[in-house]
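Here UniProt numbering is used: the first residue of the sequence shown is 1, the next is one more, and so on. Yeah, the Cβ is synthetic: ideal placement off N, Cα and C, and Gly gets one too. Values in this document were obtained by computation on a predicted structure and should not be read as measured data.
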Amino acid sequence: MLAAVALGGIVALVVLGVAVYTLVAGFAGASGGGEIVVVLLAFIVGAVGAMHALGVYQLLHPRFPNTAMMAMAGWITVAVTGFGVFRSIRGRGDGPDLTTMLVWIGLAAVVITLMVLITRPSVTRWVQAVHARSRQLGHVPKQRRR
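Right, here's the structure in full:
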């Protein structure tokens, strides 16, 4: 569980860093309306990073930990990294971009490891035990409004 929290925190920081880098580098090279695309791309990447951070927060909840947000952020990140690997293989006309492809593959490997960790039976049992103990102490999970 602690390894999942540590990896989730690292992934959240890396993805949020990529969002900031996208914003800074994009504004440096954007012109003629390209700023809007840069802001949208940075927002999307930042939202995925925020989902990872929220997933870590929910996993660390003292009474009712939850792995759902981390799993959802993981699947989105795997999809994005798959697209990134595909784009890196295709290249920009002068062949594949191997460095970028290796970075994408590395991020995908970390996220897949994270997803394997949060689906381990020991983590599931721990979550169930914490929930049972919290209910035994009289705590009630918040009901979501619909």
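1. What number of angstroms, rounded off, separates the C-alpha of residue 68 from the C-alpha of residue 83?
2. Output the residue ranges of the alpha helix (DSSP H) runs that lie fully inside the region 36 to 92 and measure 4 residues or longer, sorted by chain position.
3. Assuming contact is defined by CB atoms lying nearer than 8 Å, are residue 64 and residue 134 in contact in what I supplied?
4. For residue 138, does the three-state DSSP call read helix, strand or coil?
5. Can you find the residues in the same chain that come closer than 7 Å, C-beta to C-beta, to residue 118, ignoring five residues on each side of it along the sequence?
6. Contact defined as beta carbons within less than 8 Å: I believe residue 7 pairs with residue 46. What is the distance between those atoms, to the nearest angstrom?
7. Classify residue 31 as buried or exposed, calling it buried when 16 or more other Cβ atoms lie within 10 Å of its own Cβ.
8. May I ask you to report which of helix, strand or coil DSSP gives residue 12?
9. Cβ atoms of residue 22 and residue 11: under 8 Å apart, would you say?
10. Given that a residue counts as buried once 16 or more other Cβ atoms are within 10 Å of its Cβ, and exposed if not, what is residue 28?
11. Can you tell me the Cα-Cα spacing of residue 78 and residue 89, whole angstroms?
Let me spell this out:
1. Sequence index remark: in the sequence shown, residue 68 carries index 68 (1-based). Sequence index remark: in the sequence shown, residue 83 carries index 83 (1-based). Our two residues, residue 68 and residue 83, have alpha carbons roughly 23 Å apart in a direct line.
2. Taking only runs of at least 4 residues, the alpha helix (DSSP H) segments lying wholly in the region 36 to 92 are 68 to 90.
3. Stepping through the sequence shown from its first residue, residue 64 is reached at position 64. Stepping through the sequence shown from its first residue, residue 134 is reached at position 134. Result yes, Cβ atoms of residue 64 and residue 134 sit closer than 8 Å.
4. Position 138 of the sequence shown, counted from the first residue, corresponds to residue 138. Judged by DSSP in its simplified three-state form, residue 138 adopts coil rather than helix or strand.
5. Within the sequence shown, numbered from 1, the residue matching residue 118 stands at position 118. Hits under 7 Å: 4, 67, 70 and 71.
6. Here residue 7 is taken as the residue at index 7 of the sequence shown, counted from 1. Here residue 46 is taken as the residue at index 46 of the sequence shown, counted from 1. Not a contact, Cβ separation roughly 19 Å.
7. Here residue 31 is taken as the residue at index 31 of the sequence shown, counted from 1. By the C-beta density criterion, residue 31 is exposed, having fewer than 16 other C-beta atoms within 10 angstroms.
8. In the sequence shown, residue 12 corresponds to position 12, counting from 1. In this structure, residue 12 counts as helix in the three-state DSSP scheme.
9. For this step, residue 11 is matched to residue 11 along the sequence shown. For this step, residue 22 is matched to residue 22 along the sequence shown. Against a cut-off of 8 Å, the Cβ pair of residue 22 and residue 11 comes out as no contact.
10. Residue 28 sits at position 28 when you count from the first residue of the sequence shown. So residue 28 counts as exposed.
11. Residue 78 sits at position 78 when you count from the first residue of the sequence shown. Residue 89 sits at position 89 when you count from the first residue of the sequence shown. C-alpha separation (whole angstroms): 16 Å.
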